[in-house]
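Trainee: Take a look at the following structure, please.
Chains as they are written, first to last, in the working numbering: chain A, 6 to 80; chain B, 6 to 80.
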């Protein structure tokens with residue numbers, strides 16, 4: 006599971022996870038903050054600057070995560 | 006769990022999920038394809054055109070999902 010994920014402690018903030026998507030021009034980083042907020046950084050331009058940053062509350066992150074993992078089922 | 010998620014069948018392709026992030030200018034859609042590939046569409050510009058599209062294999066989607074749900078633990 007840990008393959009392709011590099012984590013880095015961000016003292017006082019939380020943990021940053023860089024997910025290798027097998028392409029330099031398509032990367033994704035997630036910062037899990039101590040307070041539960043997750044920041045999603047999307048890199049698609051090959052640059053070190055993200056093309057998009059999405060801030061997710063704990064609840065939102067769980068929803069999006071469930072969709073991605075495949076455990077989301079509509080009511 | 007279903008609150009804030011609108012799903013739509015895409016005949017022959019899979020299912021599209023629109024996740025409400027509480028802001029018109031910050032939206033996220035996930036297309037779960039029948040073959041397991043997930044397409045992640047990020048909208049941060051307030052426009053109907055995504056600023057980024059990320060294609061995730063089933064394995065990659067599970068990794069990213071685990072990070073977001075909070076069930077990822079390093080080896």
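Think of the CB as a built atom: it goes at the ideal place given N, C-alpha and C, for glycine as much as any other residue.
(1) For residue 47/B, which residues in the same chain have their Cβ closer than 7 Å to its Cβ, ignoring the five residues on either side in sequence?
(2) Going by DSSP, name the residue or residues bridged to residue 61/A.
(3) Taking residue 14/B as part of the beta strand (DSSP E), name the residues at either end of that continuous run.
(4) Against residue 31/A, what residues of chain B qualify as contacts under a CB-to-CB distance less than 8 Å, listed in chain order?
(5) Could you tell me whether the Cβ atoms of residue 9/A and residue 30/A are closer together than 8 Å?
(6) What would DSSP say about residue 6/B, mapped onto helix, strand or coil?
(7) Determine, using beta carbons only, whether residue 41/B and residue 63/B come nearer to each other than 8 Å.
(8) Suppose you measure from the CA of residue 75/B to the CA of residue 39/B; what does that come to, to the nearest Å?
(9) Is residue 36/B buried or exposed, if buried means 16 or more other CB atoms sit within 10 Å of its CB?
(10) Going along chain A in order, which residues have a C-beta closer than 9 Å to the C-beta of residue 43/B?
(11) Flag residue 67/A as yes if its beta-carbon sits less than 8 Å from any beta-carbon of chain B, otherwise no.
(12) Roughly how many whole angstroms lie between the Cα atoms of residue 22/B and residue 67/A?
Mentor: The short version:
(1) Only residues of its own chain outside the window of five on either side were considered, and among them 33, 55, 56, 57 have a CB closer than 7 Å to the CB of residue 47/B, listed in chain order.
(2) Per DSSP, 43/A.
(3) Run containing residue 14/B: 10 to 15, per the beta strand (DSSP E) assignment.
(4) Within chain B, the residues near residue 31/A are 59, 60.
(5) Judged by their CB atoms, residue 9/A and residue 30/A are not nearer to each other than the 8 Å cut-off.
(6) Low local confidence applies: a pLDDT of 46 at residue 6/B is under 50, so the model's placement there is unreliable, with the coordinate-based value given in what follows. DSSP places residue 6/B in the coil class of the three-state scheme, outside both helix and strand.
(7) Cβ distance < 8 Å, so residue 41/B and residue 63/B count as in contact.
(8) Each residue's alpha carbon lies about 25 Å from the other.
(9) The C-beta of residue 36/B has 16 or more other C-beta atoms within 10 Å across all chains shown, which makes the residue buried.
(10) The contacting residues are 72, 73, 75.
(11) For residue 67/A, the closest Cβ of chain B is nearer than 8 Å.
(12) For residue 22/B and residue 67/A, the distance between alpha carbons rounds to 14 Å.
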